[in-house]
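Here's the structure we're looking at; comments come further down.
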Amino acid sequence: MDTDEKLALVAQTIAHQGGQISALASALLCTLHAARGTPGLTEAIEARLAQNHANLQASSESPQYLAGFAGMSEQIAAALKQGA
Numbered sequence: 006m007d008t009d010e011k012l013a014l015v016a017q018t019i020a021h022q023g024g025q026i027s028a029l030a031s032a033l034l035c036t037l038h039a040a041r042g043t044p045g046l047t048e049a050i051e052a053r054l055a056q057n058h059a060n061l062q063a064s065s066e067s068p069q070y071l072a073g074f075a076g077m078s079e080q081i082a083a084a085l086k087q088g089a
C-alpha cells in the first residue's frame with residue numbers, strides 16, 4: 006500500500022468515525038434533555054462519569070484520552086445544569 010492509499014484509508018476512517026460521533030452526540034443531546042426533567046438522573050449521570058474517570062486515570066496510558074474524556078464530562082455536566 007503506497008502513501009496515497011494509506012492517506013485515503015485514514016481519511017475514510019476519520020470521516021466514518023465523524024459520522025458515528027455525530028449520531029452519538031444527537032442521542033446524547035436527547036438523553037440530556039430527558040435527564041433534566043427526571044429526578045435523580047442528572048446526579049446518577051454525573052456520578053457515573055466521575056467513577057469512569059477515576060477508573061480511566063488508574064488504567065489509561067494516554068493523557069490525551071483522559072483529557073478528552075474529562076473535557077466531554079465537563080460539557081455534559083454543564084449541559085445538565087443548564088436546564089436546572
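In the working numbering, the protein residues as written are 6 to 89.
Glycine included, every Cβ here is placed at the ideal spot set by N, Cα and C.
Over what stretch of residues does the alpha helix (DSSP H) that includes residue i continue unbroken?
i, result
"Glu10", "Thr8 to Arg41"
"Glu66", "Here Glu66 belongs to no alpha helix (DSSP H), and DSSP marks it neither H nor E."
Is residue j closer than 8 Å to residue i when the C-beta atoms are compared?
i, j, result
"Arg53", "Leu85", "no"
"Ile50", "Ile26", "no"
"Phe65", "Leu71", "The sequence shown places Ser at residue 65, rather than the Phe named in the question. Going by C-beta atoms, Ser65 is nearer than 8 Å to Leu71."
"His58", "Ser78", "yes"
With 16 other CB atoms within 10 Å as the buried threshold, where does residue i fall?
i, result
"Thr8", "exposed"
"Thr18", "exposed"
"Thr43", "exposed"
CB-CB under 8 Å to residue i, same chain, minus the five flanking residues each way: which ones, in chain order?
i, result
"Leu33", "Ile81"
Between which residues of its own chain and residue i is the CB-CB distance below 6 Å, once the five residues before and five after are set aside?
i, result
"His38", "none"
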